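Worksheet for the structure shown next.
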Amino acid sequence: ENENYDMGPSHVTFNTCRNGVWESEEQTAGRFKFFSTQTYFIDFCPSGHHSVYVRVNGRNIHEFRERHNGFKVSSLEIDGDLIVHSVH
2 ENENYDMGPS HVTFNTCRNG VWESEEQTAG RFKFFSTQTY FIDFCPSGHH
52 SVYVRVNGRN IHEFRERHNG FKVSSLEIDG DLIVHSVH
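Numbering (the working numbering), first residue to last: 2 to 89.
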């Protein structure tokens, strides 16, 4: 059995929930391949221009733009076959 198997179509999904209603999703499908035995560092870096750059192991995979004034992140959901070591 190959322990470093390709986890299939890899993507990260971004969305905004405002007043209990989800808006349209943005996905990064195909921009980055995740493998089961690898360790990944995911960074969320403010651009200073009303958006957040999302980086995986130092590589930009997405720029999530502010959708409403007063943009702030209040929650983060991580789902899939993975282990989260820490969130800073």
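Built from N, CA and C at the ideal position, the CB exists for glycine as well.
Please read all numbers here as calculations on a predicted model, not as lab measurements.
Subject >> Anticipated Cβ contact below 8 Å, V13 with V55, distance rounded >> reply: 7 Å
Subject >> Span separating the alpha-carbon of S28 from that of F15 >> reply: It is Gln, not Ser, that sits at residue 28 in the sequence shown. Their Cα atoms are separated by approximately 6 Å.
Subject >> Delimiting residues of the beta strand (DSSP E) encompassing E64 >> reply: 60-66
Subject >> From F45, R68, F33, I79, residue whose alpha carbon lies closest to that of W23 >> reply: Comparing alpha-carbon positions, the option among F45, R68, F33, I79 lying closest to W23 turns out to be R68.
Original post:
Between V53 and Y41, which are expected to be in contact by the criterion C-beta below 8 Å, what is the C-beta distance as a whole number of angstroms?
Top reply: That pair is no contact at about 17 Å.
**OP:** With DSSP collapsed to three states, give me the class of V55.
**Re:** strand
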